[in-house]
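Protein chains: 2
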Amino acid sequence: VNPCILFASVYDKPDEWRDALRALVPSLDFRVYPDVQQAEDIEAALVWRHPLGMVKQLPNLKLVINLGAGVNHIFDDPDLPPDLTVARLVDPGQTAQISAYVAQHVLAMHRQMPELRRAQNESRWNYIHPMPASECRVGLLGLGNLGRASAELLGRLGFSLFGWSRTQRELAGVSCHSGVDGLQQVLSQSDILVCLLPLTPSTTDLLDARAFARMPKGAAFINAGRGATVVEGDLLAALDSGHIRHAVLDVFRQEPLPAEHRFWQHPAVTVTPHNAAVAEARSSAPQVIDNLMRLRDGRPFINVVDRSAGY
Amino acid sequence: VNPCILFASVYDKPDEWRDALRALVPSLDFRVYPDVQQAEDIEAALVWRHPLGMVKQLPNLKLVINLGAGVNHIFDDPDLPPDLTVARLVDPGQTAQISAYVAQHVLAMHRQMPELRRAQNESRWNYIHPMPASECRVGLLGLGNLGRASAELLGRLGFSLFGWSRTQRELAGVSCHSGVDGLQQVLSQSDILVCLLPLTPSTTDLLDARAFARMPKGAAFINAGRGATVVEGDLLAALDSGHIRHAVLDVFRQEPLPAEHRFWQHPAVTVTPHNAAVAEARSSAPQVIDNLMRLRDGRPFINVVDRSAGY
Numbered sequence: 173v174n175p176c177i178l179f180a181s182v183y184d185k186p187d188e189w190r191d192a193l194r195a196l197v198p199s200l201d202f203r204v205y206p207d208v209q210q211a212e213d214i215e216a217a218l219v220w221r222h223p224l225g226m227v228k229q230l231p232n233l234k235l236v237i238n239l240g241a242g243v244n245h246i247f248d249d250p251d252l253p254p255d256l257t258v259a260r261l262v263d264p265g266q267t268a269q270i271s272a273y274v275a276q277h278v279l280a281m282h283r284q285m286p287e288l289r290r291a292q293n294e295s296r297w298n299y300i301h302p303m304p305a306s307e308c309r310v311g312l313l314g315l316g317n318l319g320r321a322s323a324e325l326l327g328r329l330g331f332s333l334f335g336w337s338r339t340q341r342e343l344a345g346v347s348c349h350s351g352v353d354g355l356q357q358v359l360s361q362s363d364i365l366v367c368l369l370p371l372t373p374s375t376t377d378l379l380d381a382r383a384f385a386r387m388p389k390g391a392a393f394i395n396a397g398r399g400a401t402v403v404e405g406d407l408l409a410a411l412d413s414g415h416i417r418h419a420v421l422d423v424f425r426q427e428p429l430p431a432e433h434r435f436w437q438h439p440a441v442t443v444t445p446h447n448a449a450v451a452e453a454r455s456s457a458p459q460v461i462d463n464l465m466r467l468r469d470g471r472p473f474i475n476v477v478d479r480s481a482g483y
Numbered sequence: 173v174n175p176c177i178l179f180a181s182v183y184d185k186p187d188e189w190r191d192a193l194r195a196l197v198p199s200l201d202f203r204v205y206p207d208v209q210q211a212e213d214i215e216a217a218l219v220w221r222h223p224l225g226m227v228k229q230l231p232n233l234k235l236v237i238n239l240g241a242g243v244n245h246i247f248d249d250p251d252l253p254p255d256l257t258v259a260r261l262v263d264p265g266q267t268a269q270i271s272a273y274v275a276q277h278v279l280a281m282h283r284q285m286p287e288l289r290r291a292q293n294e295s296r297w298n299y300i301h302p303m304p305a306s307e308c309r310v311g312l313l314g315l316g317n318l319g320r321a322s323a324e325l326l327g328r329l330g331f332s333l334f335g336w337s338r339t340q341r342e343l344a345g346v347s348c349h350s351g352v353d354g355l356q357q358v359l360s361q362s363d364i365l366v367c368l369l370p371l372t373p374s375t376t377d378l379l380d381a382r383a384f385a386r387m388p389k390g391a392a393f394i395n396a397g398r399g400a401t402v403v404e405g406d407l408l409a410a411l412d413s414g415h416i417r418h419a420v421l422d423v424f425r426q427e428p429l430p431a432e433h434r435f436w437q438h439p440a441v442t443v444t445p446h447n448a449a450v451a452e453a454r455s456s457a458p459q460v461i462d463n464l465m466r467l468r469d470g471r472p473f474i475n476v477v478d479r480s481a482g483y
């Protein structure tokens, strides 16, 4: 018999996920939180920012699948059993969305859209001679699935690419670095810095006043990773001084971003509401079903999160 | 002996072009308008919006090379001898810039950036669930070098593509149309319409009230072709009614766009200062030199404009 799965996200549409999963396994027992029914039936959960207290209700939970790439919210749950398997989605649709988001905003920074918008507000024709992309250096922090896909797209657009990751990577067309010294190297050569890092103890507060000061004067910053990677007050100071000319932020230490936060009305900040990418039901359904079959058959899971690394 | 070339553009840097051309032919006689010296020496001209009266000063002019793709400004010169050869640049650098501009703004429209900016102005977290690119239909008007490169990039980003051109084309992954009926087909299926058409008698005023009415309600419009393809009052009416939700415009009937023009302050218009793309000296120099050698040797020119078609 197939395991029963509980869906818990107020950000995603349960019907889409139910339909996509049942298209593969018509008899799937798919329940939507908080309607758990016989809680002891539930062996797997498909979650995004699940409510605290939920895990405690599920005595037979064996697998939690995160509806996305960043799993830090799951580990924030103090009730999470230490031996519970956590997997994440590695969704080609989500990867495409993230790399498109990165490309869109790197291009907007490269083409000086904030400056052009200021000129437009003043009804002023401000001809800016476009520079070849090859003369613009883009630094990518994080070279996992999302970083690699972004690098490939930015490479096709002709940008000069630098990359940084915890463990050293080799990527065609990207000058790859790792470690503390490597980070300094990438920061100091990034006309546009893109952060796609997961949130772990070692990435928390990684981008602080010293990091921003390392970047070239007038550099731009794009964060589509996690908010707590950035010391927000330090970023604001770097924006106020003009050392960082613009920041495009999809993620924040507190989400939704509080109405009184300075980011909202800062002229050098573009806020997007943590919607750079979401897992798509149709393209993700096969790997969810795959993990449910592995659970049924006792085989090893795929896309398992390394809890010691935190991603 | 190599032909002498006259450079005439206030939008481009003569030094860059001289250096790029002399890197290939060190002895090249390169003059910059209005310093023509012995005007009878000059056999070729490299121009962008050359001043009226210039051509009359050059009794031995045999070739005009346009510093870009759109040649309509050259044909606006009443002194242009009917048998003078006009060539244009087909520059890979410029093609890359145009397709990047198109991708940037198609993505911005797809991701509803104007709506997100409005929300930001109100310090309002407006979560918009991102839609897969495949569910967004992009129509491309013009399938020459620039249109084809744009289609390729948009295809990689996953958009559903429709294309229209004067003569029927076949492009992988693009539903191609031509003729009057074909235009209606493309307009009616374009969630985002991108115009890259050259300005000719048959494209002048092509996009009028009827054309905009054909588009789906809430469609977006991007013009990186020529301003006079659009009846600007009709576009403004379509934006005022909300039938067209946003327009991104790089080109205008009058450039620079006059300070009093309604486009500047219209909340549903993004103005860029005709800088979507420029020919790059380094990547274009070989084809300019090629045409100069052809002039010297009496061989047929490359990238010649068909004066009856107007492009």
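From first to last, the protein sequence lines are chains A and B. Counting in our numbering, the first sequence runs from 173 upward without gaps. Counting in our numbering, the second sequence runs from 173 upward without gaps. Each residue gets a CB set at the ideal place from its N, CA and C atoms; glycine is no exception.
Using the DSSP secondary-structure output, state which residues sit across from residue i in a beta bridge.
{"i": "residue 334/B", "result": "311/B, 347/B"}
{"i": "residue 393/B", "result": "365/B, 419/B"}
{"i": "residue 179/A", "result": "204/A, 218/A"}
{"i": "residue 379/A", "result": "402/A"}
{"i": "residue 476/A", "result": "259/A"}
Which of the three DSSP states is assigned to residue i in this structure?
{"i": "residue 417/B", "result": "strand"}
{"i": "residue 260/B", "result": "strand"}
{"i": "residue 197/A", "result": "coil"}
{"i": "residue 238/B", "result": "strand"}
{"i": "residue 407/B", "result": "helix"}
{"i": "residue 288/B", "result": "helix"}
{"i": "residue 442/B", "result": "strand"}
{"i": "residue 402/A", "result": "strand"}
{"i": "residue 355/B", "result": "helix"}
{"i": "residue 452/A", "result": "coil"}
{"i": "residue 228/A", "result": "helix"}
{"i": "residue 243/B", "result": "coil"}
{"i": "residue 223/A", "result": "coil"}
{"i": "residue 340/A", "result": "coil"}
{"i": "residue 188/A", "result": "helix"}
{"i": "residue 277/B", "result": "helix"}
{"i": "residue 434/A", "result": "helix"}
In terms of alpha-carbon separation, which member of the options lies closest to residue i?
{"i": "residue 237/A", "options": "177/A, 284/A, 280/A, 191/A", "result": "177/A"}
{"i": "residue 214/B", "options": "332/B, 417/B, 277/B, 234/B", "result": "234/B"}
{"i": "residue 180/B", "options": "469/B, 452/B, 203/B", "result": "203/B"}
{"i": "residue 245/B", "options": "425/B, 462/B, 441/B", "result": "425/B"}
{"i": "residue 187/B", "options": "407/B, 175/B, 205/B", "result": "205/B"}
{"i": "residue 440/A", "options": "394/A, 372/A, 447/A", "result": "394/A"}
{"i": "residue 432/B", "options": "329/A, 292/A, 419/A", "result": "292/A"}
{"i": "residue 255/B", "options": "227/B, 262/B, 241/B", "result": "227/B"}
{"i": "residue 412/A", "options": "422/A, 434/A, 396/A, 423/A", "result": "434/A"}
{"i": "residue 295/B", "options": "427/A, 461/A, 458/A", "result": "427/A"}
{"i": "residue 415/A", "options": "328/A, 362/A, 378/A", "result": "362/A"}
{"i": "residue 491/A", "options": "374/A, 321/A, 243/A", "result": "With chain A covering 173 to 483 only, the question about residue 491/A has no answer from this structure."}
{"i": "residue 403/A", "options": "329/A, 397/A, 378/A", "result": "378/A"}
{"i": "residue 384/A", "options": "372/A, 408/A, 463/A", "result": "408/A"}
Please report the straight-line C-alpha distance between residue i and residue j, rounded to a whole angstrom.
{"i": "residue 471/B", "j": "residue 443/A", "result": "57 Å"}
{"i": "residue 356/A", "j": "residue 386/A", "result": "7 Å"}
{"i": "residue 300/A", "j": "residue 438/B", "result": "22 Å"}
{"i": "residue 380/B", "j": "residue 451/B", "result": "30 Å"}
{"i": "residue 475/B", "j": "residue 258/B", "result": "9 Å"}
{"i": "residue 410/B", "j": "residue 369/B", "result": "20 Å"}
{"i": "residue 399/B", "j": "residue 405/B", "result": "12 Å"}
{"i": "residue 248/A", "j": "residue 264/A", "result": "26 Å"}
{"i": "residue 319/A", "j": "residue 344/A", "result": "13 Å"}
{"i": "residue 216/B", "j": "residue 478/B", "result": "18 Å"}
{"i": "residue 275/A", "j": "residue 283/A", "result": "12 Å"}
{"i": "residue 307/A", "j": "residue 332/A", "result": "7 Å"}
With a CB to CB cut of under 6 Å and the five nearest residues on each side skipped, what residues in its chain are close to residue i?
{"i": "residue 364/B", "result": "278, 281, 310, 392"}
{"i": "residue 336/A", "result": "313, 349, 354, 355, 358"}
{"i": "residue 315/A", "result": "335, 337, 341"}
{"i": "residue 420/A", "result": "277, 394, 442"}
{"i": "residue 194/B", "result": "200"}
{"i": "residue 376/B", "result": "400"}
{"i": "residue 222/B", "result": "180"}
Just to confirm my understanding: we take residue i, look at its own chain, exclude 5 residues before and 5 after, and list those with CB closer than 7 Å. What are they?
{"i": "residue 449/A", "result": "266, 269, 270, 273"}
{"i": "residue 196/A", "result": "457, 458, 461"}
{"i": "residue 463/B", "result": "235, 237, 259, 473, 474"}
With a CB to CB cut of under 8 Å and the five nearest residues on each side skipped, what residues in its chain are close to residue i?
{"i": "residue 287/A", "result": "298, 300"}
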